[in-house]
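The block underneath contains the structure these notes are about, expressed in structure tokens.
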Amino acid sequence: MLRSEKQRSQLLLRASKHGPERVVSLAQKAVVGEPDPAFEDGDGGYADWVIVVIHGLREYLDHTYRRLLDVLHEMHGIVAQLDLAVAELPDFTTVCTRKQDLEMRIWRILSRLSAEVHDLGDVQAIDATGMDRIAASQHYAKRTNYTFEAVKTTLLSDCKTGAILDIHCSMKQPHDSKIGWQMVKRNLDKLNILTADKGYDWWLLRQRLRAEGVKPVIKYREFGWHGIANNLLQDDTIYHQRSNAESTFFALRRKYGEIVRARTWFGQFRELVLKCAVRNIELSVSHPRP
């Protein structure tokens with residue numbers, strides 16, 4: 130069940146006191162180079178970081194584009210954080226169109242920066258699930274080769290803070306172990322102990338992790354006594370922290386919707402990456418560093 134309007138308003142009130150500076154700062158850093166002015170007449174238009182912030186607010190509030198801009202017209206404090214006047218807010222069609230123009234790199238950097246504001250623990254977890262896509266008509270499905278009902282989504286998360294360190298999306302069904310190494314090697318500087326279920330049981334993954342100084346706590350598939358014996362030697366206290374990854378998936382679905390609404394595959398990937406970044410920022414505002 131999604132958050133009620135009252136709950137979202139209460140959370141937004143808290144965020145309006147502590148969060149806008151952080152969101153704006155991260156969005157400006159995600160855009161390579163010196164941030165452009167928020168708005169310039171003529172061809173300049175709205176800066177990329179402004180569009181990123183507005184989309185973050187939309188994901189957080191779970192509003193349509195039109196409804197979001199109506200709400201922003203009443204939130205003068207947050208609009209001021211964007212270095213805009215209320216009369217200078219973009220039209221909702223502009224916000225929608227500009228999202229597709231922004232490179233995936235910007236959303237990836239935003240997600241990475243949002244994870245870096247957390248003090249990570251010693252144990253990280255990796256897990257995968259399928260995020261449902263919005264239902265499409267048969268005509269649309271045939272015209273666009275819309276064949277997969279879910280986006281395979283793999284998250285690398287911190288078990289102490291719940292922060293999402295990385296995300297991998299696929300329209301196919303690649304093996305978990307291969308995705309695991311692809312994500313791990315991008316985040317070796319953040320890992321100490323990696324825990325995962327039997328889907329990531331691959332000897333080469335364990336070997337590579339140990340070579341990089343990361344302790345693998347990954348369940349073995351029990352094809353014989355060798356697998357059973359190795360599982361008995363596992364540290365269950367560490368392994369059971371893997372459930373934090375499942376809790377993260379549950380939180381994403383409950384707070385930001387169970388369905389990916391973008392029509393295109395690249396739009397769906399952007400939407401999922403943005404959900405993770407907003408989740409990290411919300412956690413950092415709710416549980417600030419001491």
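Residue numbers (this note's numbering): 130 to 419. Ideal Cβ placement from N, Cα and C applies to all residues, glycine included.
Inter-stretch contact at 8 Å, needing at least 3 Cβ pairs: the stretch 159-178 / the stretch 211-219: yes
Any alpha helix (DSSP H) of 4 or more consecutive residues that is wholly inside the stretch 282-364: Runs of the alpha helix (DSSP H) inside the stretch 282-364: 305-313, 332-340, 354-361.
Beta-carbon spacing of Asp305, Ala257 below 8 Å: Numbered from its first residue, the sequence shown carries residue 305 at position 176. Numbered from its first residue, the sequence shown carries residue 257 at position 128. Cβ distance < 8 Å, so Asp305 and Ala257 count as in contact.
Beta carbon of Val252 nearer than 8 Å to that of Gln370: Translated into the one-based positions of the sequence shown, residue 252 becomes position 123. Translated into the one-based positions of the sequence shown, residue 370 becomes position 241. Taking 8 Å as the Cβ cut-off, Val252 and Gln370 qualify as a contacting pair.
Beta-carbon contacts of Met233 that lie in its chain and below 8 Å, excluding the five residues immediately before and after: Numbered from 1 along the sequence shown, position 104 holds the residue referred to as residue 233. The answer, listed in chain order, is Phe395, Phe398, Arg399, Val402.
Residues near Tyr189 by beta carbon distance below 6 Å, same chain, minus five either side: Stepping through the sequence shown from its first residue, residue 189 is reached at position 60. Counting only Cβ-Cβ distances below 6 Å, and skipping sequence neighbours, we find Val407.
Proximity to Val72 [Cα-Cα], best of Ile255, Trp310, Val152: Any property of residue 72 remains undetermined from this structure, which presents the chain solely from 130 to 419.
Start and end residues, beta strand (DSSP E) containing Gly259: By one-based count along the sequence shown, residue 259 stands at place 130. Start and end: 252-262.
Sheet register partners of Ile388 (DSSP bridge): For the purposes of this step, residue 388 is taken as the residue at position 259 of the sequence shown. Note: Ile388 sits in a beta bridge opposite Asp261.
Residue environment, Trp354, which counts as buried when at least 16 other CB atoms sit within 10 Å: Position 225 of the sequence shown holds residue 354. With fewer than 16 Cβ atoms within 10 Å of its Cβ, Trp354 is classed as exposed.
Simplified DSSP assignment, three categories, for Ala422: Absent from the structure is residue 422, since the part of the chain shown begins at 130 and ends at 419.
Limits of the alpha helix (DSSP H) - the one that Thr226 falls within: Working through the sequence shown from its first residue, we reach residue 226 at position 97. Counting along the chain, the alpha helix (DSSP H) containing Thr226 begins and ends at 221-230.
Cβ contact check for the stretch 323-334 and the stretch 345-354: 3 or more pairs under 8 Å: yes
Thr377 versus Leu317 - alpha carbon distance: By 1-based counting over the sequence shown, the position of residue 377 is 248. By 1-based counting over the sequence shown, the position of residue 317 is 188. In a straight line, the C-alpha of Thr377 is about 21 Å away from that of Leu317.
Coarse secondary structure for Val414, derived from DSSP in three states: Sequence index remark: in the sequence shown, residue 414 carries index 285 (1-based). Helix.
Segment limits, alpha helix (DSSP H) that includes Gln370: Taking the sequence shown and counting its residues from 1, the one referred to as residue 370 is at position 241. Segment: none, Gln370 is in no alpha helix (DSSP H) and carries neither H nor E.
Spatially closest choice to Gln302 from Val161, Gln363, Thr283, by CA coordinates: Walking along the sequence shown from the start, residue 302 turns up at place 173. For Gln302, the closest of Val161, Gln363, Thr283 by C-alpha to C-alpha distance is Thr283.
Whole-angstrom C-beta distance between Asp191 and Tyr385, which should lie under 8 Å: Taking the first residue of the sequence shown as position 1, residue 385 is located at position 256. Taking the first residue of the sequence shown as position 1, residue 191 is located at position 62. So it is a contact: roughly 7 Å between Cβ atoms.
Bridge partners - Gly174, DSSP secondary structure assignment: The sequence position of residue 174 within the sequence shown is 45, counting from 1. Answer is Glu169, bridged to Gly174.
Val153 in three-state terms, based on DSSP: Mapped onto the sequence shown, residue 153 falls at position 24. Note: Val153 maps to helix in three-state DSSP.
Contact belief for Ser415 with His247 at Cβ below 8 Å, rounded distance in angstroms: Indexing the sequence shown from 1 puts residue 415 at position 286. Indexing the sequence shown from 1 puts residue 247 at position 118. With 8 Å as the limit, Ser415 and His247 do not qualify as a contact, their Cβ atoms being about 12 Å apart.
Euclidean distance between Cα positions of Tyr329 and Lys307: To locate residue 329, count along the sequence shown from 1; it is residue 200. To locate residue 307, count along the sequence shown from 1; it is residue 178. If you take the alpha carbons of Tyr329 and Lys307, they lie about 8 Å apart.
Sequence-distant residues of the same chain with beta carbon closer than 6 Å to Lys289, five excluded per side: Against the sequence shown, residue 289 aligns to sequence position 160. Excluding positions up to five away in sequence, the list reads Gly250.
Val280, DSSP secondary structure in three states: Numbered from 1 along the sequence shown, position 151 holds the residue referred to as residue 280. Val280 falls in the strand class under three-state DSSP.
Ser243 beta carbon less than 8 Å from that of Leu155: As a working note, residue 155 is residue 26 in the sequence shown. As a working note, residue 243 is residue 114 in the sequence shown. Yes. Within cutoff.
Of the residues Lys314, Cys298, Val179, the one placed nearest Ala159, counting alpha carbons only: Position 30 of the sequence shown, counting from 1, holds the residue named residue 159. Nearest of Lys314, Cys298, Val179 to Ala159, Cα basis: Val179.
Start and end residues, alpha helix (DSSP H) containing Ala244: For this step, residue 244 is matched to residue 115 along the sequence shown. Counting along the chain, the alpha helix (DSSP H) containing Ala244 begins and ends at 233-245.
Residue of Arg241, Val200, Leu201, Ile388 minimising C-alpha distance to Asn409: Looking up residue 409 in the sequence shown gives position 280. The shortest C-alpha separation from Asn409 is found at Arg241.
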